[in-house]
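In my numbering, the protein residues as written are 1 to 526.
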């Protein structure tokens with residue numbers, strides 16, 4: 001019997017991609033807008049295939065910085081593969097969620113499946129914030145003396161595929177078609193290895209959760225008082241000896257059941273006073289949650305309903321300007337950059353809020369300390385792109401600085417393809433960052449498809465039609481991710497020329513490329 005994905009599941013998967021993106025690590029894909037414009041045809045092409053016979057399409061994978069000197073491997077799936085995995089998960093999500101420790105236990109606070117009409121996959125009632133709140137509640141009510149802090153090392157990349165298979169079989173029953181389809185997809189993405197699921201996809205998080213649900217069951221059977229958020233565990237104990245007991249139980253369970261280990265530098269037993277100070281940060285005036293709450297209160301006072309919307313600082317009253325200034329976002333950011341181990345979550349928050357305010361202060365700070373900002377480079381580029389009040393000549397000057405950093409062997413950012421991709425992102429999205437006399441040489445010298453894709457978009461945005469005209473015959477030699485960028489970038493060609501070229505190569509295009517071409521004709525890049 002074939003497995004055909006439903007209209008409802010596929011429609012929801014596309015909504016999820018358009019609203020929440022396919023990943024919180026890689027850039028948003030223009031392909032989803034193109035797919036949306038030709039959705040009936042693309043959806044029909046997916047539904048014409050038995051998902052149990054689905055052929056996985058090329059993904060892209062690279063090292064991504066976790067902190068200044070730490071990395072993880074992350075994967076961005078092909079758009080169609082992402083939609084298939086997300087739709088599969090949507091159709092069986094309730095059964096997978098039912099296999100987990102109940103939400104009412106207030107033990108597991110991560111990624112509780114509760115899809116909504118806007119494409120959100122997980123409940124807003126179980127988050128890292130509720131994880132923190134639960135920690136405070138247990139400390140006040142249970143009054144532990146010691147807390148175990150335990151963090152799984154390389155959780156997603158090191159999950160054994162056969163353990164994932166077992167968890168899916170247990171949650172859905174052996175031979176369940178959706179389980180078989182997901183196992184097949186993960187097996188293809190893992191390739192020759194027997195471990196790892198894509199990092200960054202929302203669907204992957206639910207699969208990871210059910211895979212280690214046996215650890216939750218083990219800990220509860222041993223009488224542990226603990227809470228978990230994804231791969232972060234906290235055990236609340238009445239003595240150091242009891243804390244050590246549960247540390248050995250989880251270490252043994254992870255190793256024997258999953259071949260996983262705990263991160264040595266993050267796993268520790270701490271007295272309650274240290275836990276309150278360091279992990280709950282009850283005495284930290286700059287604690288992220290407090291700063292966030294103060295900011296939201298200010299938005300309410302100003303009358304801004306969209307918490308992510310722009311704020312016109314110059315239009316604020318003297319009182320509200322004083323309130324914004326009192327937050328001292330710039331000063332806090334400057335202090336964080338001086339820290340040996342800055343709070344990356346706080347830095348991301350500060351950049352997001354400074355962008356809302358149209359505050360250009362951080363531009364010099366970023367470029368003067370660029371290597372320190374590499375772990376949050378995505379948020380840095382989003383901040384720069386959000387500054388609509390930057391004059392075009394200043395954008396061009398900053399653009400030249402980005403190109404210099406991209407080319408410089410002395411910059412740590414230039415040695416990581418993930419960073420190089422984001423350093424080129426402003427040119428791909430905003431023509432005012434134009435450094436068009438650099439693009440051809442950059443493309444010729446580029447060593448990875450992440451950079452080539454962004455440069456192609458930048459060349460299209462700067463209307464280098466002569467270049468695309470000279471390279472049209474090379475389309476078949478490009479990788480799929482670069483091909484799609486070329487097709488979109490080439491829409492800078494005169495409309496009749498582009499139309500005739502697309503008609504001539506229609507038989508060489510797959511469904512996504514065809515959707516990109518049709519969408520680009522209506523919405524040319526230049």
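Built from N, CA and C at the ideal position, the CB exists for glycine as well.
Start and end residues, alpha helix (DSSP H) containing residue 133
Note, residue 133: alpha helix (DSSP H), 128-141.
Candidates 46, 357, 518, of which the one nearest residue 390 by Cα
The shortest C-alpha separation from residue 390 is found at 357.
For residue 519, which residues in the same chain have their Cβ closer than 6 Å to its Cβ, ignoring the five residues on either side in sequence?
Excluding the 5 residues flanking it on each side, residue 519 has same chain C-beta neighbours closer than 6 Å at 34, 37, in chain order.
Which residues share a DSSP beta bridge with residue 302?
Looking at the DSSP assignment, residue 302 forms no beta bridge with any residue, so it has no partner.
I'd like the list of long-range same chain contacts for residue 372, defined as Cβ closer than 8 Å, with 5 residues on each side in sequence excluded.
The answer, listed in chain order, is 68, 337, 342.
Closest Cα partner of residue 225 within the set 145, 181, 460, 163
It is 145 whose Cα lies nearest to the Cα of residue 225.
Counting C-beta neighbours from all protein chains within 10 Å, is the total for residue 447 16 or more, i.e. buried, or is it exposed?
Result: exposed.
Span of the alpha helix (DSSP H) around residue 237
In the DSSP assignment, residue 237 falls outside any alpha helix (DSSP H) and lies within the beta strand (DSSP E) extending over 232-237.
For a quick check, are the C-beta atoms of residue 459 and residue 504 less than 7 Å apart?
Contact: no.
To the nearest angstrom, report how far apart residue 368 and residue 416 are at their CA atoms.
The straight-line gap from Cα to Cα measures roughly 19 Å.
What are the boundary residues of the alpha helix (DSSP H) that includes residue 374?
Where residue 374 is concerned, there is no enclosing alpha helix (DSSP H), because DSSP gives it neither an H nor an E.
Alpha carbon to alpha carbon, what distance is there between residue 272 and residue 59?
Linking residue 59 to residue 272 through their CA atoms gives a straight-line distance of about 45 Å.
Which residue's Cα is closest to the Cα of residue 386: 397, 364, 360, 375?
Nearest of 397, 364, 360, 375 to residue 386, Cα basis: 360.
N-terminal and C-terminal residue of the alpha helix (DSSP H) that residue 506 is part of:
Membership of residue 506 in any alpha helix (DSSP H) is not indicated, and neither H nor E is assigned to it by DSSP.
With a Cβ-Cβ cutoff of 7 Å, do residue 51 and residue 3 count as a contact?
Against a cut-off of 7 Å, the Cβ pair of residue 3 and residue 51 comes out as a contact.
Taking residue 491 and residue 525 to be in contact with their CB atoms under 8 Å, please state how far apart those CB atoms are, rounded to whole angstroms.
Yes, residue 491 and residue 525 are in contact; Cβ-Cβ is about 5 Å, under 8 Å.
In whole angstroms, give me the CA-to-CA distance for residue 153 and residue 500.
CA-to-CA, the gap between residue 153 and residue 500 works out to about 53 Å.
Cβ-Cβ separation, residue 469 to residue 513 (assumed contact under 8 Å), whole Å:
Not confirmed; about 19 Å, so no contact.
Distance between residue 214 and residue 529 (C-alpha atoms, nearest Å):
Outside the shown range of the chain, which is 1 to 526, sits residue 529, and nothing can be said about it.
Round the Cβ separation of residue 209 and residue 111 to the nearest angstrom and send it over; I've been treating them as touching at under 8 Å.
Contact between residue 209 and residue 111 is confirmed by a C-beta separation of about 6 Å, below the 8 Å threshold.
My guess is that residue 202 and residue 88 are in contact by the Cβ rule of under 8 Å, so how many angstroms apart are they, rounded?
Between residue 202 and residue 88 the beta-carbon gap is near 12 Å, outside 8 Å, which marks them as no contact.
Considering only residues of the same chain and omitting the five flanking positions on each side of residue 127, which have a CB-CB separation below 7 Å?
Once the five neighbours on either side are set aside, the close Cβ partners of residue 127 are 109.
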